[in-house]
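Here's the structure, in structure tokens; my notes come after.
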Amino acid sequence: MRNVRIESGAFDPHALTSNLAKSCPEAGGIASFLGAVRAGGGVQALELSHYEPLTMAGMELLADDAFARFDLMGLSMVHRVGHMVPGDPIVCVAAASRHRRDAIATIDFCMDHLKSAAWFWKRELREGSWHWIEPRAQDYSDKDRWEK
Amino acid sequence: MAVTILFLGPLRDLAGEETREVPAPLDWAGLLDAAGPLVAEQLASERVNVACGGKVLSDKHGLNAQDGDEVALLPPVSGG
Numbered sequence: 257m258r259n260v261r262i263e264s265g266a267f268d269p270h271a272l273t274s275n276l277a278k279s280c281p282e283a284g285g286i287a288s289f290l291g292a293v294r295a296g297g298g299v300q301a302l303e304l305s306h307y308e309p310l311t312m313a314g315m316e317l318l319a320d321d322a323f324a325r326f327d328l329m330g331l332s333m334v335h336r337v338g339h340m341v342p343g344d345p346i347v348c349v350a351a352a353s354r355h356r357r358d359a360i361a362t363i364d365f366c367m368d369h370l371k372s373a374a375w376f377w378k379r380e381l382r383e384g385s386w387h388w389i390e391p392r393a394q395d396y397s398d399k400d401r402w403e404k
Numbered sequence: 080m081a082v083t084i085l086f087l088g089p090l091r092d093l094a095g096e097e098t099r100e101v102p103a104p105l106d107w108a109g110l111l112d113a114a115g116p117l118v119a120e121q122l123a124s125e126r127v128n129v130a131c132g133g134k135v136l137s138d139k140h141g142l143n144a145q146d147g148d149e150v151a152l153l154p155p156v157s158g159g
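Those protein sequences? They're chains A and B, same order as listed. Each number in our numbering comes from the position in the first sequence (counting from 1) with 256 added on. Each number in our numbering comes from the position in the second sequence (counting from 1) with 79 added on.
Shown next as structure tokens:
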């Protein structure tokens with residue numbers, strides 16, 4: 257099973273993971289990661305934009321890489337765009353494999369690339385004004401460790 | 080006819096608009112000129128990519144956009 261999507265509205269990350277598990281009955285390991293809008297720091301809203309001609313193709317290539325690199329039975333990767341509020345899911349990656357390590361490494365690999373190598377930009381609304389979120393140096397080093 | 084320049088992410092704020100139409104053809108020098116000084120300064124950074132016709136250019140300095148092309152200016156990303 258392979259499910260790669262960009263969603264402009266709310267999605268249910270738990271359904272995503274349970275559907276993946278159901279579709280991969282021979283998987284002994286299901287791992288999932290959910291990224292959500294953080295509360296606190298005065299954040300009222302988060303807005304994610306993307307460049308459609310590149311974003312979806314880039315996510316499909318990332319899924320291809322994950323299937324080539326790890327022993328996978330299934331992969332779901334869903335990323336939100338648009339307007340979100342604290343608590344809303346932003347991204348969910350779920351992977352199914354025969355043994356646990358491939359599933360765990362897959363979600364780590366996919367998230368490191370979604371953070372700093374997929375065509376998304378985000379900004380936060382704090383105290384009534386919008387602030388663009390810059391990638392952190394660690395986001396780049398997290399991704400680069402897969403290239404060794 | 081025209082080339083459409085698309086300002087993504089924070090570059091949109093610097094440009095003051097989301098898109099700008101300029102006459103074709105458009106090369107690197109023409110892009111720097113059309114984008115304005117604030118965006119041109121960002122374009123000098125290696126971390127800012129340029130896509131033409133839906134493909135990221137491996138050498139943005141070799142930009143050669145033709146009539147009808149969309150030139151997207153892509154600042155450092157922040158997904159997830």
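Positions of the beta carbon are idealized from the N, C-alpha and C atoms, including for glycine.
Measure the C-alpha to C-alpha separation of Asp91 (chain B) and Glu97 (chain B) and round it to an integer number of angstroms. Going by the sequence as given, residue 91 (chain B) is Arg instead of Asp. Between Arg91 (chain B) and Glu97 (chain B), the alpha-carbon positions lie close to 5 angstroms from each other.
Would you call the stretch 359 to 370 of chain A in contact with the stretch 143 to 150 of chain B, where contact means no fewer than 3 C-beta pairs closer than 8 angstroms? Contact between the stretch 359 to 370 of chain A and the stretch 143 to 150 of chain B is not established, with fewer than three Cβ pairs separated by less than 8 angstroms.
Taking Cβ-Cβ distances below 8 angstroms as the criterion, which residues of the stretch 346 to 365 of chain A are in contact with chain B? Of all residues in the stretch 346 to 365 of chain A, Ile346, Val347 have a Cβ within less than 8 angstroms of some Cβ in chain B.
Rounded C-alpha distance that separates Ile286 (chain A) from Gly88 (chain B): Taking the CA atoms as reference points, Ile286 (chain A) sits about 34 angstroms from Gly88 (chain B).
Among the candidates A:Phe323, A:Trp377, A:Trp402, whose CA atom is the shortest distance from the CA of Asn259 (chain A)? Per the Cα distances, A:Phe323.
Quick check on Trp388 (chain A) - is its C-beta less than 8 angstroms from some C-beta in chain B? Yes, contact with chain B.
Mind reading off the beta-carbon distance from Gly95 (chain B) to His335 (chain A)? Whole number of angstroms is fine, and I expect it under 8 angstroms. Not confirmed; about 28 angstroms, so no contact.
Segments of 3+ residues assigned as beta strand (DSSP E) that fall wholly inside the stretch 260 to 300 of chain A: If we require 3 residues or more, the beta strand (DSSP E) runs fully inside the stretch 260 to 300 of chain A come out as 285 to 292.
I'd like to confirm the pairing. Which residues does DSSP put opposite Lys399 (chain A) in its beta bridges? Paired residues: none, contrary to the question.
Less than 8 angstroms between the C-beta atoms of Phe376 (chain A) and Thr311 (chain A), yes or no? Yes.
So Ile346 (chain A) is in the beta strand (DSSP E); what residue range does that whole segment cover? Run containing Ile346 (chain A): 345 to 353, per the beta strand (DSSP E) assignment.
Determine, using beta carbons only, whether Ala319 (chain A) and Leu304 (chain A) come nearer to each other than 8 angstroms. Going by C-beta atoms, Ala319 (chain A) is not nearer than 8 angstroms to Leu304 (chain A).
Alpha carbon to alpha carbon, how far is Ala351 (chain A) from Arg401 (chain A)? Looking at the two C-alpha atoms, the distance is approximately 20 angstroms.
What residues of chain A sit near Gly133 (chain B), judged by a beta carbon separation below 8 angstroms? Residues of chain A passing the Cβ test: Pro309, Leu310.
Tell me whether Pro391 (chain A) is buried or exposed, calling it buried when 16 or more other Cβ atoms sit within 10 Å of its Cβ. Counting every other CB atom within 10 Å of its CB across the protein chains shown gives Pro391 (chain A) a total of 16 or more, marking it as buried.
For Gly384 (chain A) and Lys378 (chain A), I'd like the C-alpha separation in whole angstroms. For Gly384 (chain A) and Lys378 (chain A), the gap between their C-alpha atoms comes out near 16 angstroms.
Check whether the Cβ of Val150 (chain B) lies closer than 8 angstroms to any Cβ atom in chain A. Look at Val150 (chain B): its C-beta is not under 8 angstroms from any C-beta on chain A.
Mapping the DSSP letters down to three states, classify Ile389 (chain A) as helix, strand or coil. Residue state, collapsed to three classes: coil.
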